[in-house]
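Since the structure comes first, as structure tokens, the remarks are kept for the end.
Protein chains: 2
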Amino acid sequence: MELKVIGTVRSALAEPMEAPKQGPETGQRAVIELDPAWQPALEGFRAGQHLWVLCWFRRTKPFKMRVHPRGDPSRPLRGVLATRSPNRPNPLSLTLVRLVSLEGNRLQVAGLEAVEGTPVLDIKPWVPGIDQPQDEAK
Amino acid sequence: MELKVIGTVRSALAEPMEAPKQGPETGQRAVIELDPAWQPALEGFRAGQHLWVLCWFRRTKPFKMRVHPRGDPSRPLRGVLATRSPNRPNPLSLTLVRLVSLEGNRLQVAGLEAVEGTPVLDIKPWVPGIDQPQDEAK
Numbered sequence: 001m002e003l004k005v006i007g008t009v010r011s012a013l014a015e016p017m018e019a020p021k022q023g024p025e026t027g028q029r030a031v032i033e034l035d036p037a038w039q040p041a042l043e044g045f046r047a048g049q050h051l052w053v054l055c056w057f058r059r060t061k062p063f064k065m066r067v068h069p070r071g072d073p074s075r076p077l078r079g080v081l082a083t084r085s086p087n088r089p090n091p092l093s094l095t096l097v098r099l100v101s102l103e104g105n106r107l108q109v110a111g112l113e114a115v116e117g118t119p120v121l122d123i124k125p126w127v128p129g130i131d132q133p134q135d136e137a138k
Numbered sequence: 001m002e003l004k005v006i007g008t009v010r011s012a013l014a015e016p017m018e019a020p021k022q023g024p025e026t027g028q029r030a031v032i033e034l035d036p037a038w039q040p041a042l043e044g045f046r047a048g049q050h051l052w053v054l055c056w057f058r059r060t061k062p063f064k065m066r067v068h069p070r071g072d073p074s075r076p077l078r079g080v081l082a083t084r085s086p087n088r089p090n091p092l093s094l095t096l097v098r099l100v101s102l103e104g105n106r107l108q109v110a111g112l113e114a115v116e117g118t119p120v121l122d123i124k125p126w127v128p129g130i131d132q133p134q135d136e137a138k
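Those sequence lines, one after another, are chains P and A.
All residue numbers for the first sequence refer to this note's numbering, where the first residue is 1 and numbers rise by one.
All residue numbers for the second sequence refer to this note's numbering, where the first residue is 1 and numbers rise by one.
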């Protein structure tokens, strides 16, 4: 199981502490700079579409089995897998973003709270139906 | 970037060819057997909840830059990242499942089309709002 870094996040966020918690209203802009070798693999993406971005969070804290959800000590400890904490057994992030523009190997996206230099492992289209609980799907 | 296998899929599917394409209606049952060491990290999951399961697809085909969506040759070639093909630069799967039951380190789930023995890398709760395009969120 060998991971390939296919791209890098270009972001105004320098430190993890600056990154807002994931949420629908952040709209944080960032650019995913794909390794030019993979550029043909982007064909078919179009602006306005929603994408999943999977990154490797390099700068996570030491792993804990249980955490306070959203880092809020007033909330009871919960198993880390049952939260979206980045400090997971494998620091794989999963973020739904909106593709603002695609130019060559550069994807400008809205909603990606990742620090400058974060390695990108995968990009997938959001697909209605399979990416929605059935009772939420239209 | 070193991946830890945190669990294994126990499934009636022996071969990738038997696996149905991802879709909302498959409802394929499978069990995720977590390494017992990680069992405390599951605390807080409850039956009925929707989860993301991230696996490593070991038995993918040689990687192609462009593929026919859903393996259908009548559909024009598209960049592989713009599809959900498992034959990606990093064979990371992303599947939304429903948790049927959690007993100890065993999660019975509905909607996971993965073959017996597939390594599991991460499990995350599906979170309304952040995992939905804003225009689809309630």
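All C-beta atoms, glycine included, are put in the ideal place defined by N, C-alpha and C.
So residue i contacts chain A; which residues on that side make the cut at Cβ distance below 8 Å?
{"i": "Leu3/P", "result": "Met1, Leu3, Asn90"}
State the DSSP-derived secondary structure class of residue i, mapped to helix, strand or coil.
{"i": "Leu112/A", "result": "coil"}
{"i": "Arg98/A", "result": "strand"}
{"i": "Trp38/P", "result": "helix"}
{"i": "Val31/A", "result": "strand"}
{"i": "Pro69/P", "result": "helix"}
{"i": "Gly7/P", "result": "strand"}
{"i": "Leu121/P", "result": "strand"}
{"i": "Glu25/A", "result": "With a pLDDT of 48 at Glu25/A, under the threshold of 50, the modelled position of that residue is not reliable, and the figure given next carries that caveat. It is coil, neither helix nor strand."}
{"i": "Leu13/A", "result": "coil"}
{"i": "Leu51/A", "result": "strand"}
{"i": "Leu77/P", "result": "coil"}
Verify the CB distance criterion: does residue i have a CB-CB separation below 8 Å to chain P?
{"i": "Lys124/A", "result": "yes"}
{"i": "Ile32/A", "result": "no"}
{"i": "Phe57/A", "result": "no"}
{"i": "Pro86/A", "result": "no"}
{"i": "Gln53/A", "result": "The question names Gln, yet the displayed sequence has Val at residue 53/A. Chain P contact via Cβ: absent."}
{"i": "Val127/A", "result": "yes"}
{"i": "His68/A", "result": "no"}
{"i": "Leu96/A", "result": "yes"}
{"i": "Pro133/A", "result": "yes"}
Using a Cβ cut-off of 8 Å (strictly closer), state whether residue i contacts chain A.
{"i": "Asp72/P", "result": "no"}
Determine the burial state of residue i: buried for a count of at least 16 other Cβ atoms within 10 Å of its Cβ, exposed for fewer.
{"i": "Lys124/A", "result": "buried"}
{"i": "Ser101/P", "result": "exposed"}
{"i": "Ala30/P", "result": "buried"}
{"i": "Ala12/P", "result": "exposed"}
{"i": "Pro76/A", "result": "exposed"}
{"i": "Glu113/A", "result": "buried"}
{"i": "Ala47/A", "result": "exposed"}
{"i": "Gly7/A", "result": "buried"}
{"i": "Asp72/P", "result": "exposed"}
{"i": "Pro89/P", "result": "buried"}
{"i": "Gly104/A", "result": "exposed"}
At 8 Å on the CB atoms, spell out the chain P contacts of residue i, in chain order.
{"i": "Val80/A", "result": "Ala41"}
What in chain A is Cβ-close to residue i, meaning under 7 Å?
{"i": "Leu121/P", "result": "Asn90, Leu92"}
List, in order along the chain, the chain P residues whose C-beta lies closer than 9 Å to that of residue i?
{"i": "Arg36/A", "result": "It should be noted that the sequence gives Pro, not Arg, for residue 36/A. Those within 9 Å of Pro36/A in chain P number zero; the least Cβ separation is about 12 Å."}
Who are the neighbours of residue i on chain P, taking C-beta pairs under 7 Å?
{"i": "Gly44/A", "result": "Arg78, Gly79, Ala82"}
Beta carbon of residue i: closer than 7 Å to some heavy atom of the ligand ATP?
{"i": "Pro91/A", "result": "The ligand ATP is not among the ligands present in this structure, which contains no ligands whatsoever."}
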